[in-house]
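If you use this note's numbering, the sequence shown closes out at 403, no skipped numbers anywhere.
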Amino acid sequence: YFLIYRCEIINSTREFRRSFDTIKQRTIRICSLGKTLIDDFSIAAEFRCHNYHDLWHELRHNNYAQVKLYLDTSSSDDFDSFYLFVPPWLSTDKNQVEKLLNLICSQQLPADELIKSDKDIKPSYMIYIPKKTSHLHNIRWTGDIILIRASESTQLALNSTELPCLHLVVTRSDHWQHAVELFQFHIGSNNNIQFIKKLPRDEDIRFTFDQLPEYIDKLGNQLTHLVRILNAIWDQDSIKIFLTEIFKFDKRELRTIESKLLDLVFYVYNSGFELFRLLYDLLPPMSINDDKILKKFVSMMNEFFCEWCKCVTKKFKYTSTQQASTAKYKVLRPRWFTPGMIFLGFLAKSPHLQLLTEDEYKKLMTEMPVALKALRGSTLDNRDSFVTKGKFNLIDINNHKIK
Numbered sequence: 001y002f003l004i005y006r007c008e009i010i011n012s013t014r015e016f017r018r019s020f021d022t023i024k025q026r027t028i029r030i031c032s033l034g035k036t037l038i039d040d041f042s043i044a045a046e047f048r049c050h051n052y053h054d055l056w057h058e059l060r061h062n063n064y065a066q067v068k069l070y071l072d073t074s075s076s077d078d079f080d081s082f083y084l085f086v087p088p089w090l091s092t093d094k095n096q097v098e099k100l101l102n103l104i105c106s107q108q109l110p111a112d113e114l115i116k117s118d119k120d121i122k123p124s125y126m127i128y129i130p131k132k133t134s135h136l137h138n139i140r141w142t143g144d145i146i147l148i149r150a151s152e153s154t155q156l157a158l159n160s161t162e163l164p165c166l167h168l169v170v171t172r173s174d175h176w177q178h179a180v181e182l183f184q185f186h187i188g189s190n191n192n193i194q195f196i197k198k199l200p201r202d203e204d205i206r207f208t209f210d211q212l213p214e215y216i217d218k219l220g221n222q223l224t225h226l227v228r229i230l231n232a233i234w235d236q237d238s239i240k241i242f243l244t245e246i247f248k249f250d251k252r253e254l255r256t257i258e259s260k261l262l263d264l265v266f267y268v269y270n271s272g273f274e275l276f277r278l279l280y281d282l283l284p285p286m287s288i289n290d291d292k293i294l295k296k297f298v299s300m301m302n303e304f305f306c307e308w309c310k311c312v313t314k315k316f317k318y319t320s321t322q323q324a325s326t327a328k329y330k331v332l333r334p335r336w337f338t339p340g341m342i343f344l345g346f347l348a349k350s351p352h353l354q355l356l357t358e359d360e361y362k363k364l365m366t367e368m369p370v371a372l373k374a375l376r377g378s379t380l381d382n383r384d385s386f387v388t389k390g391k392f393n394l395i396d397i398n399n400h401k402i403k
């Protein structure tokens, strides 16, 4: 019976690892796809404009052209909810202007546009000025005008578009940065416009991407909850008592089972470090005045890392001071140390630490030094002695490099 129990314990850890690995690999693929979609579809930029009248004159001064709908030989019309402008190098290229309009309508671009050579130095972009908030009704445009013919479906889509503030939309995602910089160079000399965030091209895609933080939060919480459970289950003292006194396993069998359980815990933590980094890359670009999403995620990363600290402290707390003083044990255990320190280096970036509450920061600076001491082979139980009082104290990871 003992052999059967031993096999069942080992098989259960293997089965759990296989199941967890399946979830991990699916998450990695989804994150990769999500990052690609975000990069491909995030071709708009949102700006805050302090004075739309000044913006109007700056557009004229820099030879931007207004886009209007062609009605007949003697008349044209604006779009219902916004004024539309293109940079001077598009003022004679109606085809390119129509492609930009198709983007805002979520219509697919031709394949040749997607693979076009990077020889085109100047990016194609449009500027959308909302009528509702700009109060430009009585100002007449005196610059160049492009008259376009749009289908009824395109006009309907454009006229149903409601923009809360100044927007820029490009044709290609790899031109986004260049377009934003050019527009800011043309218009931003007097600090009249302020970049807010990068965002997807239309409202439907934005709505889909806006749900990402909720799902990221759920997965991050599940990972943290899982390691809490594993930390509670995997306790060296209780395992030894359970296996030696109840099941009467000998030391060799005990070491085998402990090793399998430890490998499982180790694998889950390292996978968690990897997944948190991937999930971080999926977070939407933060608004300059709103970092709630990032703050919540950094708090979750901190909690996960603190659970790792508890785990390694528990694992290595039995190492004797005598062993720690020998040359052999001065070398840190890279199998445990390296993934945790890489993750700590990311977590401990100054912008991230600033988002932690005082209690969260105190917890980090309580658990982390004790774990590092345990990894070095030193016995240390006085956690409070390592708590620093300010977030501006640097976490000196260089002092803990693998020799």
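Quick reminder that beta carbons are idealized off the backbone N, C-alpha and C, glycines included. Given the structure is predicted, the values throughout are model-derived calculations rather than measurements.
Could you have a look at residue i and say whether DSSP puts it in helix, strand or coil?
i: ALA157; result: helix
i: SER75; result: strand
i: LEU163; result: coil
i: ILE148; result: strand
i: LYS122; result: coil
i: TYR280; result: helix
i: ARG48; result: strand
i: TYR83; result: strand
i: ILE193; result: strand
i: PRO369; result: helix
i: LEU356; result: coil
i: TYR269; result: helix
i: ILE38; result: helix
i: TYR64; result: coil
Rounded to a whole number of angstroms, what is the C-alpha to C-alpha distance between residue i and residue j?
i: HIS352; j: LYS362; result: 14 Å
i: SER74; j: LEU182; result: 34 Å
i: GLU274; j: LEU168; result: 34 Å
i: ARG18; j: CYS31; result: 20 Å
i: THR366; j: PHE337; result: 17 Å
i: PHE16; j: VAL265; result: 11 Å
i: PRO164; j: TYR64; result: 22 Å
i: GLY143; j: VAL86; result: 12 Å
i: LEU279; j: LEU166; result: 29 Å
i: LYS260; j: THR13; result: 7 Å
i: LEU69; j: SER91; result: 14 Å
i: ARG335; j: PHE82; result: 58 Å
i: LEU294; j: LEU283; result: 8 Å
i: ARG140; j: ASN159; result: 20 Å
i: LEU136; j: ASP210; result: 31 Å
i: ILE43; j: ASN11; result: 49 Å
i: LYS197; j: ALA232; result: 42 Å
i: VAL370; j: ARG252; result: 30 Å
i: GLN354; j: GLY34; result: 28 Å
Checking contacts by CB at 9 Å: is residue i closer than that to chain D?
i: HIS225; result: The chain inventory of the structure shown lacks chain D, comprising one protein chain alone.
For the alpha helix (DSSP H) containing residue i, name the first residue and the last one.
i: ALA348; result: ALA348 -> no alpha helix (DSSP H), and no H or E assigned at all.
i: PRO213; result: 212-233
i: THR313; result: 292-316
i: THR133; result: 131-134
i: TRP176; result: 176-187
If residue i and residue j are in contact, beta carbons under 8 Å, what's the gap, nearest whole angstrom?
i: SER124; j: GLN96; result: 5 Å
i: LEU213; j: PHE41; result: Going by the sequence as given, residue 213 is Pro instead of Leu. That pair is no contact at about 17 Å.
i: GLU58; j: ILE187; result: 5 Å
i: ALA374; j: PHE316; result: 4 Å
Any heavy atom of the ligand MN closer than 8 Å to the CB of residue i?
i: ASP39; result: Ligands in the displayed structure: none, and consequently the ligand MN is not present.
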